[in-house]
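What follows is a single structure, written as structure tokens, with notes after it.
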Amino acid sequence: MKLRVGYELQYEFPQPTPLIGMLNIHYSRVADLAAPDHIVIVPPVPISCYRDGFGNWCSRILAPAGHMILSTDAIVTDSGLPDEVAVDAAPVAVENLPEEAIVFLLASRFCDSDRLLDLAWSLFGGTAPGWARVQAICDYVHERIAFGYDHARVTRTASEAYQEGQGVCRDYAHLAVAFCRALNIPARYCTGYLGDVGTPPPFPPGDFAAWFEVYLGGKWYTFDARNNVPRIGRVLLARGRDAADVAITTTFGPNTLTSFRVWTDEI
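Note that the sequence shown ends on residue 276 in my numbering; no numbers are left out.
Right under this line is the structure:
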């Protein structure tokens with residue numbers, strides 16, 4: 010199937026302000042694009058790009074003072090299949106993990122797994138290792154956290170999400186990732202597009218989504234503690250240790266986000 014994906018972000022800047030955006034589709038999905046998903050900036054300003062340490066494509070601009078719009082509109086081909094389920098996927102011993110997976114065992118800014126170590130083992134130590142244990146984590150987090158946009162807080166850590174019992178999709182992902190790492194399961198945070206394909210209406214307003222991936226049986230698998238069911242049509246933007254690594258935009262100065270639209274529609 011084909012998906013139309015895109016966003017429009019409108020800002021007000023009181024002064025020229027550096028900005029870094031992770032707004033392009035991940036390199037692993039570039040072959041699925043009907044045309045490059047170029048960032049359109051109004052008023053036009055130069056863009057310079059680089060890859061970060063996780064391979065994500067990052068764009069740097071100097072936003073001018075005043076009103077600025079960032080947008081894109083792209084067509085992506087997708088398999089139309091739901092997230093893969095592999096109930097027999099086994100854990101990989103730490104000593105046998107590939108080096109690139111090791112960083113996703115460590116505590117990070119928002120996934121403070123060191124604070125959740127004893128709790129994680131008390132909650133999930135009795136579950137079967139591998140896929141079943143990760144699914145048990147998702148089930149628990151899905152029930153533990155009450156979703157609500159009014160609960161959003163950009164400084165909330167995984168341990169705080171556990172204590173407060175509320176948040177948005179990033180909090181579900183952070184808590185599940187932190188539990189996985191506490192149990193020696195490599196887990197990485199993901200952000201991207203996720204529409205409502207295959208789900209019943211009414212549909213909520215469009216937004217970027219957060220989910221996570223775990224390393225089991227020699228490969229990475231997708232899990233989603235917020236929705237907690239296999240979903241169709243995920244389009245990855247970036248991966249990292251947590252939301253601090255993959256912020257959609259990072260600004261280095263005062264600003265106001267005056268309008269925010271995201272779409273992921275089947276066509």
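Don't be surprised by glycine CBs; every beta carbon is placed ideally from N, CA and C.
Predicted, not measured: the structure shown is a model, and the values here were computed from it.
Contact belief for residue i with residue j at Cβ below 8 angstroms, rounded distance in angstroms
i	j	result
Gly204	Asp274	6 angstroms
Val244	Gly201	5 angstroms
Arg69	Ile50	With 8 angstroms as the limit, Arg69 and Ile50 do not qualify as a contact, their Cβ atoms being about 12 angstroms apart.
Arg197	Phe113	5 angstroms
Ile257	Phe217	6 angstroms
Val150	Asp251	Their Cβ separation, rounded to whole angstroms, is 15 angstroms, which puts Val150 and Asp251 out of contact at 8 angstroms.
Pro239	Asp92	4 angstroms
Asp41	Val85	5 angstroms
Tyr16	Thr81	6 angstroms
Pro23	Ala74	6 angstroms
Phe133	Leu184	So it is not a contact: roughly 12 angstroms between Cβ atoms.
Trp220	Ala253	About 16 angstroms separates the two Cβ atoms, so there is no contact after all.
Residue range of the beta strand (DSSP E) that includes residue i
i	result
His76	Gly75 to Thr86
Arg248	Arg243 to Gly249
Glu17	Lys11 to Phe22
Cys278	The shown model of the chain, from 10 to 276, leaves out residue 278, and the question about it has no answer.
Val49	Val49 to Val51
Leu28	Thr26 to Gly30
Tyr230	Lys228 to Phe232
Thr258	Thr258 to Thr260
Reduced DSSP secondary structure (H/G/I, E/B, other) of residue i
i	result
Cys189	helix
Leu203	strand
Glu275	strand
Cys58	strand
Ala252	coil
Ser268	strand
Val101	coil
Arg179	helix
Val223	strand
Ala40	helix
Element boundaries [alpha helix (DSSP H), containing residue i]
i	result
Leu128	Leu126 to Phe133
Val150	Trp140 to Arg153
Glu7	As shown, the chain starts at 10 and ends at 276. That puts residue 7 outside it, with no answer to give.
Ala110	Glu108 to Ile111
Per-residue burial, residue i [other beta carbons within 10 Å of its own, 16 or more giving buried]
i	result
Arg163	Looking at the sequence provided, one finds Val at residue 163 rather than Arg. Result: exposed.
Met77	buried
Thr166	buried
Val223	buried
Val14	buried
Ile194	buried
Leu90	exposed
Tyr59	exposed
Ile241	buried
Val255	buried
Tyr171	buried
Met10	exposed
Ser88	exposed
Leu115	exposed
Cutoff 9 angstroms: residue i Cβ touching any chain D Cβ
i	result
Val39	Considering every chain present, this structure includes no chain D. It has just one protein chain.
- Message: Tell me whether the stretch 231-249 and the stretch 99-107 touch, counting them as touching only if at least three CB pairs, one residue from each stretch, are closer than 8 angstroms.
- Response: Because the criterion of three Cβ pairs below 8 angstroms is not met, the stretch 231-249 and the stretch 99-107 do not touch.
- Query: With contact counted as at least three CB pairs below 8 angstroms, one residue from each stretch, are the stretch 113-126 and the stretch 42-49 in contact?
  - Reply: Per the Cβ contact rule, the stretch 113-126 is not in contact with the stretch 42-49 (fewer than 3 Cβ pairs under 8 angstroms).
- Evaluate the contact criterion for the stretch 129-145 versus the stretch 258-271: three or more CB pairs, one atom per stretch, below 8 angstroms. Contact between the stretch 129-145 and the stretch 258-271 is absent, because fewer than three Cβ pairs lie under 8 angstroms.
- With contact counted as at least three CB pairs below 8 angstroms, one residue from each stretch, are the stretch 22-35 and the stretch 60-74 in contact? Yes, the stretch 22-35 is in contact with the stretch 60-74.
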